[in-house]
């Protein structure tokens, strides 16, 4: 089965630093998502992306966050100035026809902000 | 906005027994209810989903039921096996525009003892 791949698997950064989390969605998918999961808590929606623009974002996705699809294969999440509370597992997901069909999730990037 | 509650948070069963996980949702406009299984070190994987025009759906040992009036839905796993041990998440979404983001429950850690 095709897979969503995420890099790196672990990222450690200092508070205030910028981080970029990378994802390669499944090649024929059109909808892309970032979710995050703070340890022991719910998986939370951050943002959805379609047709080269953000289609929906949550309250968590403030001005410190941005997403980009710089080429035909990568989908990135940038956090401009990390805070301690940004420490979480970040999941990228993709689907062919939106969130009302199967989302394929990557294995996640564990972000630790020190 | 939508809120999804999931119970229990942990569930331990003997191999061969059945397991039931229950979720409630708050937004009566939600119309899509997937269940995801997350194994250690991996991203969530869709195992079954149900739409609001259906009351029950079955796939081999897994079934999901939906009660729209009461706004709750449940996952039933019969003849459990050790490989069913994982964290299970319910989610809800409503169709809006071209996507609808998923709102997840907190997860249920299922342990199947041989």
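Residue numbers (the working numbering), protein chains in the order written: chain A, 31 to 144; chain B, 73 to 186.
From the three backbone atoms N, C-alpha and C, an ideal C-beta is built for every residue, glycine too.
Scanning the stretch 82 to 153 of chain B from its first residue to its last, the whole beta strand (DSSP E) runs of 3-plus residues come out as 82 to 86, 91 to 97, 104 to 110, 117 to 123, 128 to 131, 134 to 139, 144 to 149. Taken atom to atom, the span from the alpha-carbon of residue 114(A) to that of residue 143(A) is near 5 Å. Rounded to whole angstroms, the gap between the alpha carbons of residue 117(B) and residue 79(B) is 19 Å.
Of all alpha-carbon atoms in 102(B), 105(B), 184(B), 113(B), the one lying nearest the alpha-carbon of residue 155(B) is that of 184(B). According to DSSP, residue pairing for residue 79(B) in a beta bridge involves 94(B). Contacts between residue 71(A) and chain B, judged by CB atoms closer than 8 Å, involve 178 in chain order. Check the Cα spacing between residue 71(A) and each of 186(B), 161(B), 165(B), 173(B): the tightest is with 161(B). Separation of the CB atoms of residue 112(A) and residue 73(A) is rounded to 20 Å, and the pair is thereby denied contact status at 8 Å.
With a threshold of 8 Å between beta carbons, residue 132(B) makes no contact with chain A.
When the alpha-carbon of residue 79(A) is set against those of 125(A), 66(A), 141(A), the nearest one is in 125(A). Close CB contacts of residue 148(B) within its chain, under the 6 Å cut and outside five residues either way in sequence, are with 92, 135 (chain order). In this structure, the alpha-carbon of residue 99(B) lies about 7 Å from that of residue 75(B). Contact with chain B is found for residue 86(A), since one of that chain's Cβ atoms lies less than 8 Å from the residue's Cβ. For the set 88(B), 83(B), 73(B), 84(B), the Cα lying nearest the Cα of residue 151(B) is the one of 88(B).
Taking 8 Å as the CB threshold, residue 108(A) stays off the interface with chain B. Exposed is the label assigned to residue 81(B), since fewer than 16 other Cβ atoms lie within 10 Å of its Cβ. In the DSSP assignment, residue 96(A) falls within the unbroken beta strand (DSSP E) covering 95 to 98. In chain order, 103, 104, 105 place their CB closer than 8 Å to the CB of residue 123(B), counting only its own chain and leaving out the 5 sequence neighbours on each side. Our two residues, residue 98(A) and residue 110(B), have alpha carbons roughly 27 Å apart in a direct line. Less than 8 Å divides the Cβ of residue 138(A) from the Cβ of residue 36(A).
Beta-bridge partners assigned by DSSP to residue 56(A): none are found.
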